[in-house]
Structure formats: C-alpha cells, structure tokens
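**Student:** Got a structure here, written out as structure tokens. Questions coming.
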Ligand SMILES: *[C@@H]1O[C@H](CO)[C@@H](O)[C@H](O)[C@H]1NC(C)=O
Ligand SMILES: *[C@@H]1O[C@H](CO)[C@@H](O)[C@H](O)[C@H]1NC(C)=O
Ligand SMILES: *[C@@H]1O[C@H](CO)[C@@H](O)[C@H](O)[C@H]1NC(C)=O
Ligand SMILES: *[C@@H]1O[C@H](CO)[C@@H](O)[C@H](O)[C@H]1NC(C)=O
Ligand SMILES: *[C@@H]1O[C@H](CO)[C@@H](O)[C@H](O)[C@H]1NC(C)=O
Ligand SMILES: *[C@@H]1O[C@H](CO)[C@@H](O)[C@H](O)[C@H]1NC(C)=O
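Residue numbers (full-length UniProt numbering): 1 to 453.
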C-alpha cells in the first residue's frame with residue numbers, strides 16, 4: 001500500500017496576477033496503490049513572490065562541480081534517506097561541456113522542416129480521432145480512463161492538432177513498429193511522461209496479437225514487449241532525473257525532497273542501452289524548496305534551494321550525461337517540455353472561478369498561456385538543450401497543450417482515497433487538472449514523436 005505524494009505548486013509565473021487572491025485550496029487526493037505511480041496531490045496553490053524564490057540563490061561566488069563521477073560504495077538515496085543538517089545553498093554549480101563542433105545545428109524540429117509543427121490549432125475531427133478506443137487498450141490506466149469513470153462528453157477525444165503551415169505525418173502503428181524493430185524505446189520521467197508512455201503502448205498494441213506481446217509488472221522500470229519486432233516500449237520512473245529519495249514508483253509520499261544534484265548514474269545505468277529516449281521533468285520541481293545532498297557529502301548534510309534552481313542543477317547533470325555519452329546517429333534523445341495545468345478558470349474566462357472541471361472545449365485564443373507553465377523554467381530548458389546541439393530533439397508540447405483545458409480527467413478518474421461528502425459536494429475541489437485523459441492530448445505528443453523519428 002502506498003501513499004500519495006503531496007505537491008503544492010507555486011503560482012509564481014505571472015506578475016500581473018499578483019492581485020489574484022490566495023483563492024482556494026485544492027485537494028487532489030491521489031492514493032497510490034500497488035500498481036499506480038506518481039501522483040500529484042495539490043494541497044495548496046499559492047503565489048510565491050519571485051523575490052523570495054530568488055533570494056535563496058543569491059550567492060556571490062560559484063564553485064563548479066563535475067557531475068556523474070563514479071562514487072565509491074557510499075549509499076544511494078531512497079525513501080528512508082534524510083538530511084542530518086540543512087544549510088543554505090552554497091552556490092555550487094554543475095559544470096558540463098556542451099556544444100561540440102558538430103552539434104551547433106541544433107536538431108530543432110521547427111528549423112529542420114521549415115515548418116513549426118508546434119504552432120497551430122486544434123481542429124475537431126471525429127472521423128479520424130480518437131486513434132484507439134479507451135476500452136480496447138488493456139494497458140489503460142484507471143487514472144486516465146475518463147469515459148470509464150463517468151465522463152459523458154467525449155469531444156475531448158476528437159481533436160486533431162493542425163500545424164499552421166504543414167500537416168503532421170499520419171499516425172501509423174505498423175510503420176512505428178518498423179522504426180522500433182530490434183530497438184528499445186524508453187520514456188524516463190514522472191507521471192505525465194508515464195501517461196505518454198501508456199498512450200504510446202495503447203497506440204501500438206492493437207496491431208500485435210495478444211499472445212505476442214507482454215507487459216512486466218509495475219516497477220521502477222516497466223517494459224512492454226512485442227515479440228515479432230523484438231522491440232520494447234519502456235517506462236523508467238525518475239521524476240527528478242537525478243538520483244533522489246523519490247525514486248520508488250509507488251511509495252514516494254515524503255515530507256521532503258532530497259536529490260543528489262550531481263548524479264544521474266543511478267538512473268542512467270538503466271537507460272543507457274535504450275536506443276530512443278524520451279525525457280521529461282517539470283512539476284516535481286514546483287513543490288517548493290528541494291534539499292541537495294552532494295555526492296561528496298559525507299555526513300548526510302544538505303543544502304536547500306528553490307525548485308527552479310534545483311531543476312537547473314539536475315538538468316545540468318543530465319546534460320552532462322547526454323553530452324558525453326550520446327552519439328546522435330546511434331541514440332535518439334527527446335526532451336518533452338512542461339505539461340500545463342489548468343487550475344485557474346479566470347485565466348481563460350476573465351472573472352470566473354473554478355478550474356478544468358466541467359470544461360468541454362479547448363481554448364480558442366491563439367497564444368494563450370497560463371500560470372501553470374513557468375516561463376523561467378522554459379528559458380532554462382531552452383538554454384540547456386541548446387547547449388546539447390543535435391544530441392537532443394525538443395518536443396515542445398507546452399503551447400499546444402495549454403489550449404486543452406478540456407483534456408484533463410477532472411473528477412472522471414479513479415481516486416484512491418474515499419472522497420468526503422464535502423468534496424463530492426464541490427467537485428472542483430478534487431479535480432485532477434494535471435494529468436490527461438486517454439485517448440487524448442498525449443496521443444498527439446506521440447504523433448509528434450512519430451513525426452520526428
Ligand atoms: C539563509 O539565508 C537567508 C537569507 O539569504 C538568511 O536569512 C538565513 O538566516 C540563512 N539560513 C541559514 C541557516 O544560514
Ligand atoms: C461528427 O460530428 C458532427 C458534428 O458535430 C456530427 O454531425 C456527426 O454525427 C459526428 N459523426 C460521428 C461519426 O460521430
Ligand atoms: C533483439 O534486440 C536486441 C536489442 O534490443 C538485440 O541485442 C538482439 O540481438 C535482438 N535479437 C534478435 C533475435 O534480433
Ligand atoms: C548523521 O550524523 C550522525 C552523527 O553525526 C552520523 O552517525 C550519521 O552517519 C549521519 N548520517 C548520515 C546519513 O551520514
Ligand atoms: C457545467 O457547465 C454547464 C454548461 O456549460 C453549466 O450549465 C453547469 O452549471 C456547469 N456545472 C457546474 C457545476 O459548474
Ligand atoms: C517552446 O515553445 C515556446 C512557444 O510556444 C517557446 O517560447 C519556447 O522557447 C519553446 N521551448 C523550447 C525548449 O524550445
């Protein structure tokens with residue numbers, strides 16, 4: 001039996017919304033049972049003025065640390081790890097070397113194809129969508145099966161992403177399997193990435209006879225296998241990319257987040273032999289300060305840093321691994337940008353209260369951007385992947401998913417805790433406006449992946 005993770009997401013992005021009162025307290029109670037995974041439980045959504053977050057990082061000098069150095073027999077972080085002491089962030093930074101000569105032309109999807117497939121609009125298309133039926137996918141998750149859990153408006157399944165200046169390649173499961181023949185495709189990240197992995201498995205499984213495919217039991221690494229293609233589609237639970245105390249796929253409800261900011265080695269040992277890697281990381285950094293336990297630290301002493309600063313360190317350790325280990329012709333690496341949340345209805349309908357609950361249509365206004373997508377994080381990711389040149393392809397899902405306020409499970413999913421009469425009386429209070437119904441938005445993320453493979 002596992003416990004839910006508690007996340008409070010700082011709504012720190014938008015200055016202009018500073019007048020937004022400390023509106024409401026959302027409870028999204030997600031209980032992880034034997035085969036569920038990462039969950040975000042929104043306890044409190046509040047404004048964190050930028051200056052508070054940044055002050056923690058004001059340090060006059062930096063020390064640079066080389067990440068991913070093999071450690072001796074020192075222990076590995078897990079759910080029972082703790083900090084013996086906590087001091088302010090020392091200012092240590094990750095030193096990694098990117099931008100080798102050949103990589104200057106970043107494999108930026110948009111430039112390569114002279115069409116920005118991430119810029120476009122949603123078009124209602126009930127002829128070709130959904131790409132599979134919810135009930136036909138034996139690997140569907142009860143947290144994402146919205147129809148099964150009572151959602152009766154099904155338009156959310158019927159939207160096609162239409163880039164402005166070109167068409168997306170049409171999804172073709174057999175063609176995708178041919179690309180995967182003899183290969184390992186691995187998704188690495190948090191529950192959003194897990195949703196994308198389930199979407200991919202659902203998209204792919206129908207063309208494989210039941211006795212020629214298999215799924216391993218839920219674990220940190222879960223593997224879907226198709227015999228005749230000698231191919232696997234895998235998911236590795238690593239919500240913070242680097243080694244952390246939250247690496248158990250089921251039991252990660254902990255009062256504090258502790259990371260090893262200078263090491264991805266624990267996870268890279270599992271992902272290094274994959275041929276195609278799809279990473280994400282974002283929401284777990286939005287829960288407030290993070291404890292850092294550097295590899296060289298002998299006595300369990302920690303430093304504390306705000307989420308964005310900690311994410312930058314983790315991305316640095318990740319980038320170091322990519323820069324030193326990835327040969328673009330041999331391994332294809334993708335990074336999926338932040339998945340938006342829809343907790344503030346006032347952002348798309350001025351003056352109204354509520355969240356994604358009861359939303360049945362996408363947002364029409366082109367360029368809409370909500371406070372769930374942090375611009376400072378986006379800039380940091382942008383800078384990081386630019387430094388990796390052609391070694392990483394960005395799947396920039398943020399803008400297109402921003403439009404899909406209708407795509408979240410809200411109340412139509414399995415909740416692992418009994419809901420109180422009070423909650424039931426106010427459905428918005430426990431709505432899941434983070435994850436995405438399937439079939440739905442993550443299918444399009446996978447079509448984009450297919451487009452670039
Ligand atoms: C950490 O820094 C803040 C200001 O930057 C200071 O107020 C606080 O006392 C420091 N805490 C410790 C434990 O040094
Ligand atoms: C598709 O949508 C149109 C317009 O909403 C509707 O008239 C039609 O019956 C739908 N077709 C299917 C197959 O659901
Ligand atoms: C299956 O794929 C793996 C790589 O994932 C490869 O090492 C192995 O040789 C392949 N086996 C066959 C029979 O092709
Ligand atoms: C914490 O400190 C105690 C006493 O100083 C020490 O015995 C223990 O090993 C330390 N814990 C870790 C994880 O290093
Ligand atoms: C849900 O939306 C419908 C139509 O937009 C509206 O009539 C209804 O009052 C809404 N329900 C709640 C609980 O907000
Ligand atoms: C993703 O797209 C947005 C525009 O929608 C852009 O501002 C951002 O820089 C892009 N991010 C990356 C990492 O390419």
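Yeah, the Cβ is synthetic: ideal placement off N, Cα and C, and Gly gets one too.
Taking just the CA atoms, how far does residue 71 sit from residue 295?
**Tutor:** For this step, residue 295 is matched to residue 295 along the chain shown. For this step, residue 71 is matched to residue 71 along the chain shown. Approximately 7 Å, taken between the alpha carbons.
**Student:** Ligand 6 and residue 378: does any heavy atom of the ligand fall closer than 6 Å to the residue's C-beta?
**Tutor:** Here residue 378 is taken as the residue at index 378 of the chain shown, counted from 1. The answer is yes for residue 378.
**Student:** Taking 6 Å as the limit between beta carbons, can you name the residues of its chain near residue 384, skipping five residues before and five after?
**Tutor:** Working through the chain shown from its first residue, we reach residue 384 at position 384. Once the five neighbours on either side are set aside, the close Cβ partners of residue 384 are 315 and 319.
**Student:** Does the distance from the C-beta atom of residue 265 to that of residue 68 stay below 7 Å?
**Tutor:** Numbered from its first residue, the chain shown carries residue 265 at position 265. Numbered from its first residue, the chain shown carries residue 68 at position 68. Contact flag set, yes.
**Student:** Count the other CB atoms within 10 Å of the CB of residue 273; is the residue buried (16 or more) or exposed (fewer)?
**Tutor:** Indexing the chain shown from 1 puts residue 273 at position 273. Looking at its Cβ environment, which holds fewer than 16 other Cβ atoms inside 10 Å, residue 273 is exposed.
**Student:** Is there at least one non-hydrogen atom of ligand 3 closer than 6 Å to the beta-carbon of residue 184?
**Tutor:** Taking the first residue of the chain shown as position 1, residue 184 is located at position 184. Yes - ligand 3 has a heavy atom lying nearer than 6 Å to the Cβ of residue 184.
**Student:** Suppose the cutoff is 8 Å on Cβ atoms and the five residues either side in sequence are ignored; what does the same chain contact list for residue 78 look like?
**Tutor:** For this step, residue 78 is matched to residue 78 along the chain shown. Result list for residue 78: 245, 247 and 248, in chain order.
**Student:** Could you give the C-beta distance for residue 144 and residue 223, rounded to a whole number, given that I count them as a contact under 8 Å?
**Tutor:** Position 144 of the chain shown, counting from 1, holds the residue named residue 144. Position 223 of the chain shown, counting from 1, holds the residue named residue 223. Rounded, the Cβ-Cβ distance is 19 Å, inconsistent with contact.
**Student:** What do you get for residue 441, buried or exposed, if any count of 16 or more other CB atoms within 10 angstroms of its CB means buried?
**Tutor:** To locate residue 441, count along the chain shown from 1; it is residue 441. Classification of residue 441: buried, given that the 10 Å Cβ count is 16 or more.
**Student:** For residue 243, does the three-state DSSP call read helix, strand or coil?
**Tutor:** Numbered from 1 along the chain shown, position 243 holds the residue referred to as residue 243. Residue 243: coil per DSSP, three-state reduction.
**Student:** Report the residue ranges of all beta strand (DSSP E) runs contained in full by the region 207-259; include only those spanning at least 3 residues, in chain order.
**Tutor:** Counting whole runs of 3 or more residues, the region 207-259 contains the beta strand (DSSP E) stretches 213-215, 221-226 and 231-237.
**Student:** Give me the Cα-Cα distance between residue 446 and residue 357, rounded to the nearest whole angstrom.
**Tutor:** Along the chain shown, read from residue 1 onward, the residue named residue 446 stands at position 446. Along the chain shown, read from residue 1 onward, the residue named residue 357 stands at position 357. Each residue's alpha carbon lies about 25 Å from the other.
**Student:** Go ahead and pull the three-state DSSP assignment for residue 450.
**Tutor:** To locate residue 450, count along the chain shown from 1; it is residue 450. Helix, per DSSP.
**Student:** Kindly examine ligand 6 and report whether one of its heavy atoms sits closer than 6 Å to the Cβ of residue 462.
**Tutor:** Given that the chain is displayed from residue 1 to residue 453, the structure contains no residue 462 and the question cannot be resolved.
**Student:** Please list the terminal residues of the continuous alpha helix (DSSP H) segment that includes residue 328.
**Tutor:** Counting from one through the chain shown, the residue named residue 328 turns up at place 328. Element bounds for residue 328: n/a, residue is neither H nor E.
**Student:** Give a single yes or no on whether residue 456 has its beta carbon closer than 6 Å to a heavy atom of ligand 2.
**Tutor:** Outside the shown range of the chain (1 to 453) lies residue 456, about which nothing can therefore be said.
**Student:** Let's test the definition: count the other Cβ atoms within 10 Å of the Cβ of residue 172 and tell me whether it reaches 16, buried, or not, exposed.
**Tutor:** Translated into the one-based positions of the chain shown, residue 172 becomes position 172. Exposed.
**Student:** Go ahead and label residue 138 buried or exposed: buried means 16 or more other beta carbons lie within 10 angstroms of its beta carbon, across all protein chains shown.
**Tutor:** Walking along the chain shown from the start, residue 138 turns up at place 138. The residue is exposed, with fewer than 16 neighbouring Cβ atoms inside 10 Å.
**Student:** Once DSSP output is grouped into helix, strand and coil, what is the label at residue 421?
**Tutor:** Along the chain shown, one-based indexing puts residue 421 at 421. In this structure, residue 421 counts as helix in the three-state DSSP scheme.
**Student:** Counting C-beta neighbours from all protein chains within 10 Å, is the total for residue 262 16 or more, i.e. buried, or is it exposed?
**Tutor:** Start at 1 with the first residue of the chain shown, and residue 262 comes out as number 262. By the 10 Å Cβ count, residue 262 comes out buried.
**Student:** Excluding the 5 residues preceding and the 5 following residue 125 in the sequence, name in chain order all residues of the same chain whose CB lies nearer than 8 Å to its CB.
**Tutor:** Start at 1 with the first residue of the chain shown, and residue 125 comes out as number 125. Excluding sequence neighbours, residue 125 sits near 158, 159 and 160.
**Student:** Can you tell me which of 220, 128, 215 and 395 puts its alpha carbon nearest to the alpha carbon of residue 233?
**Tutor:** Stepping through the chain shown from its first residue, residue 233 is reached at position 233. Here the closest residue by C-alpha is 215.
**Student:** Rounding to the nearest angstrom, what Cα-Cα distance links residue 136 and residue 361 in this structure?
**Tutor:** Looking up residue 136 in the chain shown gives position 136. Looking up residue 361 in the chain shown gives position 361. Roughly 25 Å separates the two Cα atoms.
**Student:** Spell out the partners DSSP gives residue 276 in its beta bridges.
**Tutor:** To locate residue 276, count along the chain shown from 1; it is residue 276. Looking at the DSSP assignment, residue 276 forms a beta bridge with 185 and 332.
**Student:** Give the DSSP-derived three-state secondary structure of residue 193 in the structure shown.
**Tutor:** Working through the chain shown from its first residue, we reach residue 193 at position 193. If DSSP states are grouped into helix, strand and coil, residue 193 belongs with the helices.
**Student:** Residue 159 lies in the beta strand (DSSP E); which residues open and close that run?
**Tutor:** The residue labelled residue 159 in the question sits at position 159 within the chain shown. Its beta strand (DSSP E) spans residues 159-163.
**Student:** Specify the secondary structure class of residue 64 as computed by DSSP and reduced to three states.
**Tutor:** Position 64 of the chain shown, counted from the start, is the residue given in the question as residue 64. Residue 64 falls in the strand class under three-state DSSP.
**Student:** Taking the Cβ atom as the reference point for each residue, do residue 421 and residue 411 lie within a distance shorter than 7 Å?
**Tutor:** In the chain shown, counting from the first residue as 1, residue 421 sits at position 421. In the chain shown, counting from the first residue as 1, residue 411 sits at position 411. Taking 7 Å as the Cβ cut-off, residue 421 and residue 411 do not qualify as a contacting pair.
**Student:** Mind checking residue 209: buried by the 16 CB within 10 Å criterion, or exposed?
**Tutor:** Counting from 1 along the chain shown, the entry for residue 209 is found at position 209. Label assigned to residue 209: exposed.
**Student:** At which residue ranges does the region 283-333 contain complete alpha helix (DSSP H) runs of 4 or more residues, listed in the order of the chain?
**Tutor:** Those alpha helix (DSSP H) runs which fall completely within the region 283-333 and span 4+ residues are 307-325.
**Student:** Exposed or buried, which one is residue 306 when buried takes at least 16 other CB atoms within 10 Å?
**Tutor:** By 1-based counting over the chain shown, the position of residue 306 is 306. Residue 306 should be labelled buried.
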